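Numbering (our numbering), first residue to last: 2 to 399. All C-beta atoms, glycine included, are put in the ideal place defined by N, C-alpha and C. Every value quoted in this text rests on a predicted model; they were computed, and no experiment measured them.
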């Protein structure tokens, strides 16, 4: 039976009620809650007081002793059902064969799937999470037959029967951070569907909070940061990750940092300076130990590597992979990016290529209005309402 996936979000047609709800939620989040209420502070307050117990709720070290380890990373899924399903289906395959020279090399499915936020568009709700996120992933890799979709995990990790410890579970697992779209309702839906459910399709979800740390084999670590709508981590997050870096991460270990926004590109493009706490964590606490930063938010693939720096490079590699199933963003506007944290970087890969991205962008001049013809009607109505008050008021005398 063909899955009944939702179409992609009609961003510019104005025909979706979800879009108007998204605008409303965004206005409420920015004007009412930003600077006044932060779910990350509430998570920290609800975490058990003992420092060691608190660390156990955020640090997962069950993968540290694996001999062979792979992980997959993507972000920005949950837009169109078909596109999200296509990505999820590839991630679910036991092996993918890629051509390297004259030979085929099998790439095994990741032990862990890392998702970098923006889980469902245009706004977080029970409907969008179930239809745009969980539905495609469940068709790609089914959850256990005994699992009920409406179940609530109250004491995670709720392991399958017969598995006594998370270290003994050998199936695929998933860890996620929220993106800006997941924060439009104050993180409520993310907490319900990610932190209080155990399965995303056939991927087991052990995490309890919106940020986490993974200890991987061979001295590697993953720090999953929650930037909320501020573009930065809060004080409690900084405290957790900085203490972890000082007490657990060795001098010759390597750290992978995941954020939703690729600040290295966006700060360069907008000439801004965001994420000061993140920069402090990387430059002053981790120093040379951050080997890779991964992010989504921009719906394309782009990878940069450090070419040279005045001193030790704070980050060796920069990766954006927002190809989780959402619409496409251009890459050519970032073609001149080359500096970050005092180091020089060179572009190693981009999809679409800078040349193809320019051609696609030029094509939008003619194709945009043809595809989004409703936008002219909606825009005309809005402009009419705006200028109506300027019309002269004529009075007729009889």
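Take residue i and list the residues in its own chain whose beta-carbon comes closer than 6 angstroms to its own, dropping the five residues that flank it on each side.
{"i": "residue 75", "result": "322 and 325"}
{"i": "residue 265", "result": "319 and 341"}
{"i": "residue 168", "result": "63"}
{"i": "residue 348", "result": "305"}
{"i": "residue 78", "result": "85, 325 and 326"}
{"i": "residue 107", "result": "96 and 98"}
{"i": "residue 90", "result": "141"}
{"i": "residue 105", "result": "98"}
{"i": "residue 184", "result": "229 and 230"}
{"i": "residue 119", "result": "77, 180 and 182"}
Per DSSP, which one or two residues make a beta bridge with residue i?
{"i": "residue 286", "result": "Its beta-bridge partners do not exist; DSSP assigns none."}
{"i": "residue 109", "result": "96"}
{"i": "residue 322", "result": "302"}
{"i": "residue 258", "result": "224 and 294"}
{"i": "residue 214", "result": "60 and 224"}
{"i": "residue 101", "result": "104"}
{"i": "residue 200", "result": "205"}
{"i": "residue 316", "result": "291"}
Going by DSSP in three states, residue i sits in which element: helix, strand or coil?
{"i": "residue 238", "result": "helix"}
{"i": "residue 348", "result": "strand"}
{"i": "residue 61", "result": "strand"}
{"i": "residue 378", "result": "helix"}
{"i": "residue 405", "result": "The structure shown does not extend to residue 405, since the chain spans only 2 to 399, so no value can be given for it."}
{"i": "residue 10", "result": "coil"}
{"i": "residue 116", "result": "strand"}
{"i": "residue 147", "result": "coil"}
{"i": "residue 72", "result": "strand"}
{"i": "residue 308", "result": "strand"}
{"i": "residue 177", "result": "strand"}
{"i": "residue 279", "result": "helix"}
{"i": "residue 335", "result": "helix"}
{"i": "residue 137", "result": "helix"}
{"i": "residue 365", "result": "helix"}
{"i": "residue 122", "result": "coil"}
{"i": "residue 358", "result": "helix"}
{"i": "residue 77", "result": "coil"}
{"i": "residue 153", "result": "coil"}
{"i": "residue 388", "result": "helix"}
Looking only at its chain, what residues have a beta carbon closer than 8 angstroms to the beta carbon of residue i, apart from the 5 residues adjacent to it on each side?
{"i": "residue 370", "result": "376 and 377"}
{"i": "residue 239", "result": "278, 281 and 282"}
{"i": "residue 208", "result": "61, 157, 176, 177, 195 and 196"}
{"i": "residue 216", "result": "60, 61, 62, 64, 65, 222 and 249"}
{"i": "residue 159", "result": "199"}
{"i": "residue 4", "result": "82, 86, 136, 137 and 140"}
{"i": "residue 354", "result": "332"}
Taking C-alpha atoms, which residue in the options lies nearest to residue i?
{"i": "residue 317", "options": "343, 300 and 203", "result": "343"}
{"i": "residue 320", "options": "293, 333 and 110", "result": "293"}
{"i": "residue 345", "options": "379, 149, 10 and 308", "result": "308"}
{"i": "residue 145", "options": "206, 306, 211 and 361", "result": "206"}
{"i": "residue 182", "options": "223, 121 and 135", "result": "121"}
{"i": "residue 112", "options": "209, 73 and 363", "result": "73"}
{"i": "residue 359", "options": "239, 374 and 331", "result": "331"}
{"i": "residue 68", "options": "82, 218, 114 and 9", "result": "218"}
{"i": "residue 172", "options": "157, 188, 227 and 110", "result": "110"}
{"i": "residue 44", "options": "303, 211, 287 and 384", "result": "211"}
{"i": "residue 80", "options": "390, 354, 117 and 133", "result": "133"}
{"i": "residue 201", "options": "154, 301, 374 and 244", "result": "154"}
{"i": "residue 303", "options": "380, 188, 287 and 352", "result": "352"}
{"i": "residue 174", "options": "92, 9, 365 and 368", "result": "92"}
{"i": "residue 232", "options": "379, 274, 7 and 364", "result": "274"}
{"i": "residue 291", "options": "114, 119, 382 and 243", "result": "243"}
{"i": "residue 148", "options": "227, 383, 203 and 289", "result": "203"}
{"i": "residue 56", "options": "187, 241, 180 and 9", "result": "241"}
{"i": "residue 356", "options": "366, 333, 350 and 368", "result": "333"}
{"i": "residue 114", "options": "123, 94 and 131", "result": "94"}
{"i": "residue 7", "options": "117, 116 and 123", "result": "123"}
Going along the chain, which residues of its own chain have a beta-carbon closer than 7 angstroms to the beta-carbon of residue i, five neighbours each way excluded?
{"i": "residue 213", "result": "59, 61, 176 and 225"}
{"i": "residue 39", "result": "229 and 235"}
{"i": "residue 246", "result": "286 and 287"}
{"i": "residue 390", "result": "none"}
{"i": "residue 14", "result": "373, 375 and 376"}
{"i": "residue 70", "result": "64, 112, 217 and 218"}
Would the segment 335 to 350 and the segment 265 to 278 be scored as touching if the rule is three or more Cβ pairs under 8 angstroms? yes
Does the segment 257 to 266 come within contact of the segment 293 to 300, defined as at least 3 CB pairs closer than 8 angstroms? yes
Tell me, please, whether the segment 83 to 91 touches the segment 139 to 146 by the rule of three or more beta-carbon pairs shorter than 8 angstroms. yes
Answer yes if the segment 122 to 129 comes into contact with the segment 185 to 196, meaning at least three C-beta pairs across the two stretches below 8 angstroms, and no otherwise. The segment 185 to 196 is in contact with the segment 122 to 129.
Within the chosen definition, does the segment 156 to 168 reach the segment 100 to 114 through at least 3 CB pairs nearer than 8 angstroms? no
Does the count of Cβ pairs from the segment 240 to 253 and the segment 301 to 313 closer than 8 angstroms reach three? With fewer than three CB-CB distances shorter than 8 angstroms, the segment 240 to 253 does not count as touching the segment 301 to 313.
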